[in-house]
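Residue numbers (the numbering used here): 66 to 229.
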Ligand code: FES
Ligand code: FES
């Protein structure tokens, strides 16, 4: 066992882990963060995406020990208790989810994209949006609703930044 320190959702905690333990398993089992979903466990579906030092990362392909001393954010940190981040709201209004299993991964993948587009003050075309989410698989929605949700989140975010 190795003792590491993980700052998860703004709380720093020391945990003991075996070197072979995956970040996804440690977050789910030792931190109780069940919003970190595991789909394929081999880097293909994006369900397990979390942020490590602000960058989306597949927690099923990351050893927990690689994150020693790093800041990690999971879906539980997004949007408050009612999940009201703009992107989460847009997923609901634009029917970007059905069973919801893939949704935490999509949200964690797409948040930086929405922020980037807002910073650049532009609406991406459909190909750019589909490219941004190309590492995530949804088995329910057919993706149209997800693309619409990303568009809405960017539109709302741009509108917000224009308010005095
Ligand atoms: S569970 Fe990690 S990419 Fe599928
Ligand atoms: S909403 Fe069911 S897998 Fe995406």
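Using N, Cα and C, we set each Cβ at its ideal position, and we do this for glycine too.
Proximity test, residue i beta-carbon vs ligand 2 heavy atom, cut-off 7 Å
i: residue 114; result: no
beta-carbon residue i near ligand 1 non-hydrogen atom, thresh 7 Å
i: residue 172; result: no
i: residue 192; result: no
i: residue 140; result: no
i: residue 106; result: yes
i: residue 103; result: yes
i: residue 111; result: yes
i: residue 125; result: yes
Integer-rounded CB distance, given that residue j should sit under 8 Å from residue i
i: residue 74; j: residue 139; result: 6 Å
i: residue 213; j: residue 159; result: 4 Å
i: residue 162; j: residue 206; result: 6 Å
i: residue 101; j: residue 115; result: 6 Å
Assigned exposure category for residue i - 16 Cβ within 10 Å defines buried
i: residue 76; result: exposed
i: residue 222; result: buried
i: residue 203; result: buried
i: residue 141; result: buried
i: residue 169; result: buried
i: residue 210; result: buried
- Within 7 Å of ligand 2: residues by beta-carbon to any heavy atom: Put simply, the residues with a CB less than 7 Å from any heavy atom of ligand 2 are 162, 163, 164, 165, 166, 167, 168, 203, 204, 205 and 206, in chain order.
- Query: Would the region 129-149 and the region 90-101 be scored as touching if the rule is three or more Cβ pairs under 8 Å?
  - Reply: Yes, they touch.
- Kindly confirm or deny that the region 180-191 and the region 116-126 touch, where touching means at least three C-beta pairs closer than 8 Å. No contact exists between the region 180-191 and the region 116-126.
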